[in-house]
Structures are given as structure tokens and as C-alpha cells.
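Asker:
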Amino acid sequence: MIVDTHTHLFGEEFRDDLDAVVERARSAGVERLLMPNIDCSTVDDMLAACARFPGVCHPMLGLHPTSVTASYRDDLRLLRERLVQPHPYIAVGEVGLDLYWDATFRREQMAAFDEQIGWALEHDLPLVIHSRKAFSELMTCLKPYASTSLRGVFHSFTGDDGDVEQLLSFGRFLVGVNGVVTFKKSVLPAVLRSSVPLSRVVVETDSPYLAPVPHRGTRNESAYVCDVLRKVADIYDVSLEEAARTTTENAFRLFNIA
Ligand SMILES: [Zn+2]
4 MIVDTHTHLF GEEFRDDLDA VVERARSAGV ERLLMPNIDC STVDDMLAAC
54 ARFPGVCHPM LGLHPTSVTA SYRDDLRLLR ERLVQPHPYI AVGEVGLDLY
104 WDATFRREQM AAFDEQIGWA LEHDLPLVIH SRKAFSELMT CLKPYASTSL
154 RGVFHSFTGD DGDVEQLLSF GRFLVGVNGV VTFKKSVLPA VLRSSVPLSR
204 VVVETDSPYL APVPHRGTRN ESAYVCDVLR KVADIYDVSL EEAARTTTEN
254 AFRLFNIA
């Protein structure tokens, strides 16, 4: 059994063939599909997709950093209203900082991130973090929580956006490895081998983005997480079965699903 820990299958890219996409994933052994939210406009589509595949698809709740604007307080209030028991969300995500596309709302991104860290702690949920070109800001936001029970995953870990040792010093956090690890020029295989034990790794697709080789450049889908896993097995010099077992156990433990 394999877990795709990060897949946006509720997006419009999958509107016409979601059933077939999920079927292909399950046929490939990918039996759990974890869905990170983007913003207020995507929650209902995400919940509808999850309702279609109970026990397979699991939703998260959060405001993505590229969706943080001047009105982020209103967006957070609307999302927070959904986080009352009983709720179906297995994590607060995806949240974090993205200064690659646009740094206009840097302060707002940091404030929104901080508030959502509070949700994760308050509801005892893992945090699914997106961080791009924002390493020092990420550390500024996380350091006050270093000795708390905060746990989560640094999603779309590339190995070249900041200090790996500092990231891993957050001992309850895992790294999410996706198709980037299969790209020819990626430094990630070397970084994983030298600095990240397999016990800290989960696999993901980030569908519809970042399709792994040999699908690079096409729409990504959860079945392709097997190509990521094959590369991970290769890097750690373990069998595909062992790579699947370990990363699945890591995901089950972090997200509290089984
Ligand atoms: Zn994502």
C-alpha cells in the first residue's frame, strides 16, 4: 500500500476523469490520497471529491500562501469556521510561505501562517507546509514553536531551498518527496542520501503539477507516485516494497490514518 500525501485531485484538471484517475491510482497500490486545500473557493470541490471515495481520499484545511492577499483575515475566518468538531480534516494545509511568485504580501503570508500554526496545535493536527524562496522567513515563523508538539511535513522538499539540517532539527517533521527527485538536474537524490533518513520521508505527487520522469511535462496524477517511490528505493538502496512500507508507515503515523 502506498500513500500519495499531497494531491490536488479536486482541481478542474480532473473534472472530466476523476473516477478513472482514482481507479488508476488504486490499481497501482496507491490506496490513500491526501488532499491539501488551496483557499475558500476550493473547499467544497475538495469535500465532494473526498465524499466520492470514502476511506481513500482525505481532506485538509488551510489557506495556501499564494492565495494570501490583503483580505486574508476574512479568508482565515471563513476557513476557521469549518474547523469545528466533528470535521473530516486530517491536517492543516497547505499553508506556508511563497516568495517566489510574488513577495507583495510577505508580512500577510507570515501572519496567516502563524495563525494556522495555532490551528494545528489547538486541534492536534499535522501541518502541511509549502515553502518556496522563503527559508529565513520560514525559520522565523517556526522557531517560536520548536519546543511544542507541532508536527508536520515540509512538502515538495527540493533540497536546495535552505538548510536541511535546520529543517530536520524540527524533529516531528517529515519531508515530502515528489517528482522533482526524478529530474535530471535535481540535487535532491544527493541531499536525501547524505542528510535525510528514510524514516523522515513521505512520498507525494503534488498533482496536477511536477509529474515525475517519464511523465514529465504532462498532467501529474496519483498513480505516478510509484515513479517517485521507485527513485526513493534506488536512492536508499532498499527494495521497492521496503520503500513503500516505510514511507506508508511514516505517513500513517504523521496523519493518524490507517
Ligand atoms: Zn500543493
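Quick note on my numbering: the sequence shown kicks off at 4 and runs consecutively.
Yeah, the Cβ is synthetic: ideal placement off N, Cα and C, and Gly gets one too.
Restricting to runs no shorter than 3 residues, where is the beta strand (DSSP E) found entirely within the segment 19 to 83?
Answerer: As far as the segment 19 to 83 is concerned, its whole beta strand (DSSP E) runs of at least 3 residues are 33 to 38 and 60 to 62.
Asker: Please classify A94 as buried or exposed, where buried requires at least 16 neighbouring CB atoms within 10 angstroms.
Answerer: Numbered from its first residue, the sequence shown carries residue 94 at position 91. Classification of A94: buried, given that the 10 Å Cβ count is 16 or more.
Asker: Can you tell me whether V231 is helix, strand or coil according to DSSP?
Answerer: Residue mapping note: residue 231 aligns to position 228 of the sequence shown, counting from 1. In the structure shown, V231 sits in a helix (DSSP, three-state: H, G or I).
Asker: Pull up the distance between the alpha-carbon of R248 and that of S134, whole angstroms please.
Answerer: The residue labelled residue 248 in the question sits at position 245 within the sequence shown. The residue labelled residue 134 in the question sits at position 131 within the sequence shown. Cα to Cα, the separation comes out at about 27 Å.
Asker: Taking the alpha-carbon positions, what's the E200 to D101 distance?
Answerer: Numbered from its first residue, the sequence shown carries residue 200 at position 197. Numbered from its first residue, the sequence shown carries residue 101 at position 98. Looking at the sequence itself, residue 200 is Pro, so the reference to Glu does not match. Each residue's Cα considered, the two are about 26 Å apart.
Asker: Please say whether V59 and R27 have beta carbons closer to each other than 8 Å?
Answerer: By one-based count along the sequence shown, residue 27 stands at place 24. By one-based count along the sequence shown, residue 59 stands at place 56. No, they are not a contact pair.
Asker: Going by C-alpha distance, which of C53, A23, H67 and D22 is nearest P44?
Answerer: Along the sequence shown, one-based indexing puts residue 44 at 41. First, the amino acid is wrong: residue 44 is Ser here, not Pro. Checking every option, the nearest Cα to that of S44 belongs to H67.
Asker: Would T161 pass as an interface residue toward chain C - the criterion being a Cβ-Cβ separation below 8 Å?
Answerer: Going by chain labels, chain C is absent from the structure shown, which holds only one protein chain.
Asker: Quick check on R109: does DSSP put it in helix, strand or coil?
Answerer: Indexing the sequence shown from 1 puts residue 109 at position 106. It is helical.
Asker: By the DSSP assignment, the beta strand (DSSP E) with V194 in it spans what residues?
Answerer: By one-based count along the sequence shown, residue 194 stands at place 191. Note, V194: premise wrong, no beta strand (DSSP E); alpha helix (DSSP H) at L191 to S198.
Asker: Sorry if obvious, but does the Cβ on H11 come closer than 7 Å to a heavy atom of ligand 2?
Answerer: Ligands in the displayed structure: ligand 1; ligand 2 is not one of them.
Asker: Jot down the residue ranges of each uninterrupted alpha helix (DSSP H) in the segment 152 to 193, minimum 4 residues, whole runs only, in chain order.
Answerer: Counting only runs of 4 or more, we get 167 to 171.
Asker: On a CA-only basis, which of R222, L195 and V205 is nearest D240? Give me that one, please.
Answerer: Working through the sequence shown from its first residue, we reach residue 240 at position 237. D240 has its Cα closest to that of L195, out of R222, L195 and V205.
Asker: Around the Cβ of V190, are there at least 16 other Cβ atoms within 10 angstroms (buried) or fewer (exposed)?
Answerer: Along the sequence shown, read from residue 1 onward, the residue named residue 190 stands at position 187. Exposed, since its Cβ has fewer than 16 Cβ neighbours within 10 Å.
Asker: Measure from the alpha carbon of G174 to the alpha carbon of each residue in V183, K187, P192 and S202, then state which is nearest.
Answerer: The residue labelled residue 174 in the question sits at position 171 within the sequence shown. Taking only the C-alpha atoms, the option nearest G174 is S202.
Asker: If you follow the beta strand (DSSP E) that S134 is in, where does it begin and where does it stop?
Answerer: The count along the sequence shown starts at 1 and reaches residue 134 at position 131. Residues L130 to R135.
Asker: What's the C-alpha gap between Y75 and A115?
Answerer: Stepping through the sequence shown from its first residue, residue 75 is reached at position 72. Stepping through the sequence shown from its first residue, residue 115 is reached at position 112. Going from the Cα of Y75 to the Cα of A115 covers about 7 Å.
Asker: Enumerate in chain order the residues of its own chain whose CB-to-CB distance from P215 is below 6 Å, with the five nearest sequence positions on each side excluded.
Answerer: Taking the first residue of the sequence shown as 1, we reach residue 215 at position 212. Only G182, T185, Y227, D230 and V231 meet the Cβ criterion.
Asker: Can you give the beta carbon distance from D209 to H9, rounded, assuming they're within the 8 Å contact cut?
Answerer: For the purposes of this step, residue 209 is taken as the residue at position 206 of the sequence shown. For the purposes of this step, residue 9 is taken as the residue at position 6 of the sequence shown. Between H9 and D209 the Cβ distance is about 5 Å, and since that is below 8 Å, they are a contact.
Asker: Note the first and the last residue of the continuous beta strand (DSSP E) segment covering L100.
Answerer: If you number the sequence shown from 1, residue 100 lands on position 97. Run containing L100: V95 to D101, per the beta strand (DSSP E) assignment.
Asker: Looking at the secondary structure, which residues open and close the beta strand (DSSP E) in which I5 lies?
Answerer: Within the sequence shown, the letter at position 2 stands for residue 5. Taken as a continuous stretch (DSSP letters only), the beta strand (DSSP E) holding I5 covers I5 to D7.
Asker: With a threshold of 7 Å, establish whether the CB of E84 neighbours any heavy atom of ligand 1.
Answerer: Your numbering for residue 84 matches position 81 in the sequence shown. Not under cutoff, so the answer is no.
Asker: Measuring only the C-alpha atoms, how far is L37 from P147?
Answerer: As a first step, residue 37 must be located in the sequence shown, where it is residue number 34. As a first step, residue 147 must be located in the sequence shown, where it is residue number 144. Going by the C-alpha atoms only, they are around 28 Å apart.
Asker: Does at least one heavy atom of ligand 1 sit under 7 Å from the Cβ of D209?
Answerer: Translated into positions along the sequence shown, residue 209 becomes position 206. The answer is yes for D209.
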